[in-house]
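Asker:
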Amino acid sequence: MERPAGPRRSERVVTPEAVALDLQTATVATRGLAQVVDVLLQAVAALLVVAALGLADVDSASGAVFVTVVLVAIFLVRVGYPVLFETRFGATLGHMAMGLRVVTVDGAPIRARQALARVAVGLFEIDATFGAVALVTAATRHDGRRLGDLAAGTQVVSTRVGTGAAVALDLQVPQHLREWAAALDTSGLARPERTALRRYLLRAGDLPPQRRDDLAGALADRLLPRTAATRPDGVPAHDVLVAIAATLTDEGRPATSLQDLPPPPPPSGPFAPPG
Numbered sequence: 719m720e721r722p723a724g725p726r727r728s729e730r731v732v733t734p735e736a737v738a739l740d741l742q743t744a745t746v747a748t749r750g751l752a753q754v755v756d757v758l759l760q761a762v763a764a765l766l767v768v769a770a771l772g773l774a775d776v777d778s779a780s781g782a783v784f785v786t787v788v789l790v791a792i793f794l795v796r797v798g799y800p801v802l803f804e805t806r807f808g809a810t811l812g813h814m815a816m817g818l819r820v821v822t823v824d825g826a827p828i829r830a831r832q833a834l835a836r837v838a839v840g841l842f843e844i845d846a847t848f849g850a851v852a853l854v855t856a857a858t859r860h861d862g863r864r865l866g867d868l869a870a871g872t873q874v875v876s877t878r879v880g881t882g883a884a885v886a887l888d889l890q891v892p893q894h895l896r897e898w899a900a901a902l903d904t905s906g907l908a909r910p911e912r913t914a915l916r917r918y919l920l921r922a923g924d925l926p927p928q929r930r931d932d933l934a935g936a937l938a939d940r941l942l943p944r945t946a947a948t949r950p951d952g953v954p955a956h957d958v959l960v961a962i963a964a965t966l967t968d969e970g971r972p973a974t975s976l977q978d979l980p981p982p983p984p985p986s987g988p989f990a991p992p993g
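Each residue of the sequence shown is one higher than the one before, counting from 719 in the numbering used here.
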């Protein structure tokens, strides 16, 4: 990681082919405006609930019902809304309005547990302190992450400067490598190696066969010593990398964002064996 100059901050990952892949982190001001939009929307939703209760003629005799409905509505508005939208779309409506997206630290889609962690910590650093703690934390860090991001392993990036949507990977261990993959020890793979692996898999389908083979071989040579495994004879490096990534997915380690989805794409996709 490095700290680029200028007002905008960029988290940079370098692949084995020395290509810098930038995730443009959102500015504090942009995130603040997104939060304002979300707060206004949540306030409108809360007012609509109160109005609906008024129309339903909930009187003082039904005070317990009134309080219960209000508390449930507050929970859904404050917790359910961001968790649902960030998990399903990668962004709340406020984020969308400002061109932002919440991703993991290596650029993948976040899961519900990560969205819930962001919200839970946000109840303290945003709600309880009127955003002061979140503002100070984000403003003093080079990556602009608040406490909720640190707890969840996430960051907020701008989709208006080339980051695009986060992409989840479809992964399965190749049939001929299942016995070999079962003995892999991936605990030695740190975030940079996992990120480089993910970036390779996302780009593999767009690379010429020879270039893909060269890149896969270099990356496999880098990763295998950290897995206590050797490359099987006669097996393409690409297949080895898919097996490693799929093993990370199956283990469900919090540090990896290689997510388990339906069966892999057809042979023309990025997970096809080298031609």
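Ideal Cβ positions, reconstructed from N, Cα and C, are used throughout, including at glycine.
I'd like to confirm the pairing. Which residues does DSSP put opposite residue 827 in its beta bridges?
Answerer: 821
Asker: Taking the alpha-carbon of residue 908 as reference, which of 963, 771 and 924 has the nearest alpha-carbon?
Answerer: 963
Asker: Quick check: the Cα distance between residue 838 and residue 769, rounded to an integer number of angstroms?
Answerer: 28 Å
Asker: Given residue 903, which residues of its chain have a CB within under 8 Å of its CB, disregarding the five upstream and five downstream residues?
Answerer: 945, 946 and 947
Asker: Taking 8 Å as the threshold (C-beta atoms), are residue 957 and residue 892 in contact?
Answerer: It is a contact, given that the beta carbons lie within the stated cut-off.
Asker: Could you tell me which of 835, 809 and 906 sits nearest to residue 874, measuring between CA atoms?
Answerer: 809
Asker: Could you check if residue 972 is buried or exposed, using at least 16 other CB atoms within 10 Å of its CB as the buried criterion?
Answerer: Here the model assigns residue 972 a pLDDT of 33, short of 50, so the residue's position is not dependable, and the following value carries that caveat. Exposed, since its Cβ has fewer than 16 Cβ neighbours within 10 Å.
Asker: Looking only at its chain, what residues have a beta carbon closer than 6 Å to the beta carbon of residue 870, apart from the 5 residues adjacent to it on each side?
Answerer: 832, 835 and 836
Asker: Return the first residue and the last residue of the alpha helix (DSSP H) that residue 854 is part of.
Answerer: 850 to 858
Asker: Given a cut-off of 8 Å, decide if residue 872 and residue 821 are closer than it, judged by their beta-carbon atoms.
Answerer: yes
Asker: If contacts are defined as beta-carbon pairs under 8 Å, then residue 760 and residue 795 qualify, I think. What distance do you get, rounded to the angstrom?
Answerer: About 5 Å separates the two Cβ atoms, so the contact holds.
Asker: Tell me whether the beta-carbon of residue 937 lies closer than 8 Å to the beta-carbon of residue 920.
Answerer: no
Asker: Is there contact here, the segment 801 to 815 with the segment 744 to 759, by at least three beta-carbon pairs under 8 Å?
Answerer: yes
Asker: Count the other CB atoms within 10 Å of the CB of residue 849; is the residue buried (16 or more) or exposed (fewer)?
Answerer: buried
Asker: Check the C-beta distance from residue 889 over to residue 950 and give it rounded, since I have them as a contact under 8 Å.
Answerer: Wrong, their Cβ atoms sit about 18 Å apart, outside the cutoff.
Asker: Which class does residue 893 belong to by DSSP, given the choice of helix, strand or coil?
Answerer: Residue 893 falls in the helix class under three-state DSSP.
Asker: Nearest CA to the CA of residue 917: which residue from 905, 930 and 906?
Answerer: 930
Asker: For residue 926 and residue 827, I'd like the C-alpha separation in whole angstroms.
Answerer: 27 Å
Asker: Closest by CA to residue 664, which one among 823, 952 and 842?
Answerer: The displayed coordinates of the chain run from 719 to 993. Any statement about residue 664 would go beyond what the structure contains.
Asker: If you count every other CB in all the chains shown that lies within 10 Å of the CB of residue 783, and 16 or more means buried, which is it?
Answerer: exposed
Asker: Mark residue 786 as exposed unless 16 or more other C-beta atoms lie within 10 angstroms of its C-beta, in which case mark it buried.
Answerer: exposed
Asker: Hey, could you find the ends of the alpha helix (DSSP H) residue 953 is sitting in?
Answerer: It is not in any alpha helix (DSSP H) - residue 953 carries neither H nor E in the DSSP assignment.
Asker: Take residue 767 as the anchor and find which of 792, 806 and 745 has the nearest alpha-carbon.
Answerer: 792
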